[in-house]
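Peer 1:
Number of protein chains: 2
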Amino acid sequence: MITYTIKEVSEKTGLPHSTLRYYEDIGLLKDVIHEKNKRIYTDEHLRRIEGILCFKNTNLPIKKILEFYRYEENLEEAINDIVELMETHEISIVNQISTLQHHLEHIQQKVSYYNKVKESLENNIPIPTWDDVIG
Amino acid sequence: MITYTIKEVSEKTGLPHSTLRYYEDIGLLKDVIHEKNKRIYTDEHLRRIEGILCFKNTNLPIKKILEFYRYEENLEEAINDIVELMETHEISIVNQISTLQHHLEHIQQKVSYYNKVKESLENNIPIPTWDDVIG
DNA sequence: TATTGACTTCAAGTATACTTGAAGTATTAA
DNA sequence: TTAATACTTCAAGTATACTTGAAGTCAATA
Numbered sequence: 275m276i277t278y279t280i281k282e283v284s285e286k287t288g289l290p291h292s293t294l295r296y297y298e299d300i301g302l303l304k305d306v307i308h309e310k311n312k313r314i315y316t317d318e319h320l321r322r323i324e325g326i327l328c329f330k331n332t333n334l335p336i337k338k339i340l341e342f343y344r345y346e347e348n349l350e351e352a353i354n355d356i357v358e359l360m361e362t363h364e365i366s367i368v369n370q371i372s373t374l375q376h377h378l379e380h381i382q383q384k385v386s387y388y389n390k391v392k393e394s395l396e397n398n399i400p401i402p403t404w405d406d407v408i409g
Numbered sequence: 275m276i277t278y279t280i281k282e283v284s285e286k287t288g289l290p291h292s293t294l295r296y297y298e299d300i301g302l303l304k305d306v307i308h309e310k311n312k313r314i315y316t317d318e319h320l321r322r323i324e325g326i327l328c329f330k331n332t333n334l335p336i337k338k339i340l341e342f343y344r345y346e347e348n349l350e351e352a353i354n355d356i357v358e359l360m361e362t363h364e365i366s367i368v369n370q371i372s373t374l375q376h377h378l379e380h381i382q383q384k385v386s387y388y389n390k391v392k393e394s395l396e397n398n399i400p401i402p403t404w405d406d407v408i409g
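If you're matching them up, the sequences are chains E and C in order. Just so we're aligned, residue 275 is where the first sequence starts under the working numbering, counting upward by one. Just so we're aligned, residue 275 is where the second sequence starts under the working numbering, counting upward by one.
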């Protein structure tokens, strides 16, 4: 079986050692082998970390990620909870994307505007108003 | 001039009183009029809060938002900084969107998978593996 | 054998962004 | 005039997610 040191896992996942230990402390990473005072990780741990990062990067709070894995351990009893958690999270991501897209347009307008301002200042011509550029 | 109480601003912006006071404390909201022991807000404040929320909702940290408004007060000297801040932020938002879109696909697969699991449990048929549903 | 390097634990500290609570003030309604 | 309402200040507390520091362990090389 292929195994990894904490350093290798850290490099592969981009998570610092401290975070890997922290995730283990709070029960997010389970069954990490402790042998001769060293942690040993397997591909299963790497997959789990990938999953954690997917949740984390979509702004699911750690408590909810923990909940998800608790449910997964009792799939039969918790199937409704797990489906609801996932569907709610899917909606959350869709909403996050549309919020970002909406605000992106506004930021792009700002980029336009301040570039025009910059140009005007460089050429010593009057600074445009927001409405000159955007309105 | 149209003015607003803290309550009205809170209702219009969705920000609690405490947050409006906090933003004022840290210098994010400026020139709020204090009259007869009450705060008075104008449409300019509302526009400023809109801007703050645009930045906040796109995950620009408060320190950077403060920086932006400090730059804006010295547009001529800080035009390069402000353009850089905005362009960097634009890129950040584009990256956030694509990260979310990428992870959304994975979450949608999970939704599919757990819905199949749920169905199987309800019909007393064997639970599919991930590869059965997704692979 | 000693020292180096890579790990270990555990408690305490940090960063960000607010929120809460206690005590006070001003305006209005009874 | 008293009581209710709606605000006010300011310090301290909270939530989330880690990070840091000090002191110790283990195996391998000098």
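Just so it is clear, CB atoms sit at the ideal spot from N, CA and C, and this is done for glycine as well.
Taking Cβ to Cβ, would you say residue 387(C) is nearer than 8 Å to residue 408(C)?
Peer 2: Sequence index remark: in the second sequence, residue 387(C) carries index 113 (1-based). Sequence index remark: in the second sequence, residue 408(C) carries index 134 (1-based). Cβ distance < 8 Å, so residue 387(C) and residue 408(C) count as in contact.
Peer 1: Note down, in chain order, each residue of its chain lying with its Cβ closer than 6 Å to the Cβ of residue 367(E), except the 5 sequence neighbours on either side.
Peer 2: Stepping through the first sequence from its first residue, residue 367(E) is reached at position 93. So the list reads 332, once near-sequence residues are dropped.
Peer 1: Do you know offhand how far residue 318(C)'s Cα is from residue 369(E)'s?
Peer 2: Locating residue 318(C) in the second sequence gives position 44, where the first residue counts as 1. Locating residue 369(E) in the first sequence gives position 95, where the first residue counts as 1. Roughly 28 Å between the two C-alpha positions.
Peer 1: Would residue 399(E) and residue 391(E) qualify as a contact pair, given that the criterion is a beta-carbon distance under 8 Å?
Peer 2: Along the first sequence, one-based indexing puts residue 399(E) at 125. Along the first sequence, one-based indexing puts residue 391(E) at 117. Cβ distance not < 8 Å, so residue 399(E) and residue 391(E) don't count as in contact.
Peer 1: Which two residues bound the contiguous beta strand (DSSP E) that contains residue 304(C)?
Peer 2: Looking up residue 304(C) in the second sequence gives position 30. Run containing residue 304(C): none; DSSP gives neither H nor E here.
Peer 1: Using only alpha-carbon positions, find the residue among 321(E), 378(E), 348(E) that is nearest to residue 283(E).
Peer 2: The count along the first sequence starts at 1 and reaches residue 283(E) at position 9. The residue with the shortest Cα to Cα distance from residue 283(E) is 321(E).
Peer 1: What in chain E is Cβ-close to residue 373(C), meaning under 9 Å?
Peer 2: Counting from 1 along the second sequence, the entry for residue 373(C) is found at position 99. Within chain E, the residues near residue 373(C) are 331, 332.
Peer 1: Is there at least one Cβ from chain C nearer than 8 Å to residue 281(E)'s Cβ?
Peer 2: Start at 1 with the first residue of the first sequence, and residue 281(E) comes out as number 7. By this cut-off, residue 281(E) is not an interface position.
Peer 1: Could you check if residue 360(E) is buried or exposed, using at least 16 other CB atoms within 10 Å of its CB as the buried criterion?
Peer 2: Taking the first residue of the first sequence as 1, we reach residue 360(E) at position 86. Classification of residue 360(E): buried, given that the 10 Å Cβ count is 16 or more.
Peer 1: Could one say the Cβ of residue 343(E) lies closer than 8 Å to chain C's Cβ atoms, at least one of them?
Peer 2: As a working note, residue 343(E) is residue 69 in the first sequence. Taking Cβ atoms only, chain C never reaches closer than 8 Å to residue 343(E), which makes this a no.
Peer 1: Hey, quick one: how far does the alpha helix (DSSP H) through residue 314(C) stretch, first residue to last?
Peer 2: The sequence position of residue 314(C) within the second sequence is 40, counting from 1. From DSSP, residue 314(C) is part of no alpha helix (DSSP H) but of the beta strand (DSSP E) over 312-316.
Peer 1: For residue 303(C), which residues of its own chain have a beta-carbon under 6 Å away from its beta-carbon, when the five flanking residues on both sides are left out?
Peer 2: Taking the second sequence and counting its residues from 1, one reaches residue 303(C) at position 29. Same-chain partners within the cutoff: 297.
Peer 1: Pick helix, strand or coil for residue 332(E), following the three-state DSSP scheme.
Peer 2: Here residue 332(E) refers to the residue found at position 58 when the first sequence is read from its first residue. Looking at residue 332(E) - three-state DSSP - the assignment turns out to be coil, as it is neither helix nor strand.
Peer 1: Is the CB of residue 360(E) under 8 Å away from at least one CB in chain C?
Peer 2: One-based indexing of the first sequence puts residue 360(E) at position 86. Chain C, which has a Cβ nearer than 8 Å to the Cβ of residue 360(E), makes this yes.
Peer 1: What's the C-alpha gap between residue 325(E) and residue 383(C)?
Peer 2: Position 51 of the first sequence holds residue 325(E). Position 109 of the second sequence holds residue 383(C). Taking the straight line joining both Cα atoms gives about 12 Å.
Peer 1: List, in chain order, every chain E residue whose beta-carbon is nearer than 9 Å to that of residue 397(C).
Peer 2: Within the second sequence, the letter at position 123 stands for residue 397(C). Chain E residues near residue 397(C): none, gap ~12 Å exceeds 9 Å.
Peer 1: Which two residues bound the contiguous alpha helix (DSSP H) that contains residue 365(C)?
Peer 2: As a position in the second sequence, residue 365(C) is number 91, starting the count at 1. Its alpha helix (DSSP H) spans residues 349-396.
Peer 1: Output, in sequence order along the chain, the residues in the region 313-330 of chain E whose CB is closer than 7 Å to any CB in chain C.
Peer 2: Answer in chain order: 328.
Peer 1: Would a check of beta-carbon distances place residue 311(C) closer than 8 Å to chain E?
Peer 2: Residue mapping note: residue 311(C) aligns to position 37 of the second sequence, counting from 1. So, not an interface residue.
Peer 1: Looking at residue 315(E) and residue 343(E), is the spacing between their C-beta atoms short of 8 Å?
Peer 2: Your numbering for residue 343(E) matches position 69 in the first sequence. Your numbering for residue 315(E) matches position 41 in the first sequence. Not closer than 8 Å, so no.
Peer 1: Out of 354(C), 380(C), 381(C), 363(C), state which residue places its alpha-carbon closest to the alpha-carbon of residue 253(E).
Peer 2: Beyond the ends of chain E as shown, which are 275 and 409, falls residue 253(E); an answer cannot be given.
Peer 1: Anything in the region 374-392 of chain E with a Cβ closer than 7 Å to a Cβ of chain C? List those residues in chain order, please.
Peer 2: Residues 374, 375, 377, 378, 380, 381, 382, 384, 385, 388, 389, 391, 392.
Peer 1: Would you report the Cα separation of residue 285(E) and residue 327(E), rounded to the nearest angstrom?
Peer 2: As a working note, residue 285(E) is residue 11 in the first sequence. As a working note, residue 327(E) is residue 53 in the first sequence. Taking the straight line from one Cα to the other gives about 14 Å.
Peer 1: Could you tell me which chain C residues have their CB closer than 7 Å to the CB of residue 356(E), listed as they occur along the chain?
Peer 2: Counting from one through the first sequence, the residue named residue 356(E) turns up at place 82. Ordered by position in chain C, the residues that pass the 7 Å Cβ test against residue 356(E) are 388.
Peer 1: Using a Cβ cut-off of 8 Å, pull out every chain E residue sitting near residue 368(C), in sequence order please.
Peer 2: As a working note, residue 368(C) is residue 94 in the second sequence. Under the 8 Å cutoff, chain E gives 378.
Peer 1: Under the rule that 16 or more other beta-carbon atoms within 10 Å means buried, what is residue 339(C), buried or exposed?
Peer 2: The count along the second sequence starts at 1 and reaches residue 339(C) at position 65. By the 10 Å Cβ count, residue 339(C) comes out buried.
Peer 1: Check the Cβ-Cβ distances between residue 353(E) and every residue of chain C, and say whether any is below 8 Å.
Peer 2: One-based indexing of the first sequence puts residue 353(E) at position 79. At least one chain C Cβ lies under 8 Å of residue 353(E).
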